[in-house]
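Participant: Residue numbers (the numbering used here): 88 to 353.
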Ligand SMILES: Nc1ncnc2c1ncn2[C@@H]1O[C@H](COP(=O)(O)OP(=O)(O)O)[C@@H](O)[C@H]1O
Ligand SMILES: [Mg+2]
């Protein structure tokens with residue numbers, strides 16, 4: 088019994104092979120300690136920025152129970168299937184997307200599945216979606232350190248993880264947990280994006296720190312993950328993502344993510 092347990096522990100999790108017609112060059116997962124911090128928004132913006140640089144980009148929406156990528160891009164077409172796979176749908180700007188929400192009869196249908204089924208769906212988005220040629224595949228992970236992030240880190244060959252957080256969220260242990268999980272699984276953490284770091288006063292242009300002084304430097308220093316970018320809280324971002332128009336985002340806002348792009352395109 089003791090030996091059996093030992094053997095089981097030693098077993099390496101299997102790295103999944105993507106569909107034969109997928110040619111995926113680099114894979115980055117976007118994670119956060121908790122929900123509502125802007126993880127999907129950052130995933131979407133990174134995809135748009137990479138696409139504007141001329142890359143072929145895909146988004147694998149790994150947030151099965153709370154998918155928001157289709158809404159941000161205004162997608163409501165159903166993916167087309169073949170016998171051995173499913174084609175992603177294209178955004179207006181040419182980003183390939185696969186999300187469970189695209190497969191549900193109604194976008195507000197809940198997904199009431201247990202952990203292993205959720206991670207099974209994400210695995211299938213990797214193995215059974217015909218991604219074609221993709222320079223960058225971005226995976227929008229569900230928040231936290233649960234089943235799906237673990238499955239993705241163990242069974243998809245990630246080039247790295249990008250962590251999204253809020254200034255005050257960083258003071259909690261929760262972000263460090265996420266970074267430590269990645270490190271424990273030997274997955275490189277590209278860096279941290281601090282979202283809603285400040286807002287710009289529409290009258291005087293002053294930057295207001297809505298959550299007070301950021302603890303980012305301190306905490307990113309301790310976890311060895313560099314703070315790469317700070318995004319403002321901008322009502323346009325909320326509007327564009329609510330109305331399916333995230334691709335209207337201007338280059339000025341996207342430029343804030345430049346240090347992340349430099350690292351992933353390196
Ligand atoms: N920097 C920002 N400025 C304005 N609204 C934002 C910003 N970041 C996120 N939001 C809005 O906050 C909500 C939550 O963001 P989302 O990316 O869905 O979070 P998560 O994926 O972490 O749960 C969305 O409605 C989004 O449009
Ligand atoms: Mg989300």
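Don't be surprised by glycine CBs; every beta carbon is placed ideally from N, CA and C. Only a predicted model underlies this, so the values are computations on that prediction, with no experimental measurement involved.
When you compare each of 215, 243, 191 and 157 to residue 168 by their alpha carbons, which one comes out closest?
Facilitator: 215
Participant: Between residue 52 and residue 344, what straight-line distance do the alpha-carbon atoms span, to the nearest angstrom?
Facilitator: Because the chain here runs from 88 to 353, residue 52 falls outside it and cannot be looked at.
Participant: So what's residue 111 in DSSP terms, helix, strand or just coil?
Facilitator: strand
Participant: When the Cα atoms are used, what is the spatial distance from residue 262 to residue 193?
Facilitator: 33 Å
Participant: Please go through the same chain and pick out, in chain order, the residues whose beta-carbon is closer than 6 Å to the beta-carbon of residue 186, but skip the five residues on each side of it.
Facilitator: 148, 154, 156 and 157
Participant: Do residue 121 and residue 230 have their C-beta atoms closer together than 9 Å?
Facilitator: In this structure, residue 230 lies closer than 9 Å to residue 121 by Cβ.
Participant: Extract the residue ranges of the alpha helix (DSSP H) inside the segment 123–200, only unbroken runs of 4 or more that lie entirely within it.
Facilitator: Counting only runs of 4 or more, we get 126–139 and 156–159.
Participant: Excluding the five sequence neighbours on either side, which residues of its own chain have a C-beta within less than 7 Å of the C-beta of residue 284, listed in chain order?
Facilitator: Exclusion of the five residues before and after residue 284 leaves 254, 301, 317, 318 and 319 as the residues of its chain whose Cβ lies within less than 7 Å of its Cβ.
Participant: Is residue 115 buried or exposed, if buried means 16 or more other CB atoms sit within 10 Å of its CB?
Facilitator: A buried status is given to residue 115, since no fewer than 16 other beta-carbon atoms sit within 10 Å of its beta-carbon.
Participant: Applying the 10 Å Cβ sphere with the 16-neighbour rule, what's the burial state of residue 204?
Facilitator: exposed
Participant: May I ask you to report which of helix, strand or coil DSSP gives residue 249?
Facilitator: strand
Participant: Ligand 1 and residue 187: does any heavy atom of the ligand fall closer than 8 Å to the residue's C-beta?
Facilitator: False, no ligand heavy atom lies under 8 Å from that Cβ.
Participant: Measuring CA to CA, which of 207, 117, 324 and 232 is closest to residue 351?
Facilitator: The shortest Cα separation from residue 351 among 207, 117, 324 and 232 belongs to 117.
Participant: Rounded to whole angstroms, what's the CA-CA distance from residue 106 to residue 212? Just pull it up for me.
Facilitator: In a straight line, the C-alpha of residue 106 is about 9 Å away from that of residue 212.
Participant: Under the rule that 16 or more other beta-carbon atoms within 10 Å means buried, what is residue 426, buried or exposed?
Facilitator: Any question about residue 426 goes unanswered here, given that the chain covers just 88 to 353.
Participant: Should residue 328 be listed as close to ligand 2, given that the test is whether its C-beta is under 8 Å from any heavy atom?
Facilitator: The answer is no for residue 328.
Participant: Per DSSP, what kind of secondary structure is residue 321 in: helix, strand or coil?
Facilitator: It is coil, neither helix nor strand.
Participant: In the DSSP assignment, what residue or residues form a beta bridge with residue 226?
Facilitator: 116 and 147
Participant: Closer than 8 Å by C-beta to residue 159: which residues in its own chain qualify, once you throw out the five before and the five after it? Chain order, please.
Facilitator: 127, 128, 131, 327, 328, 331 and 333
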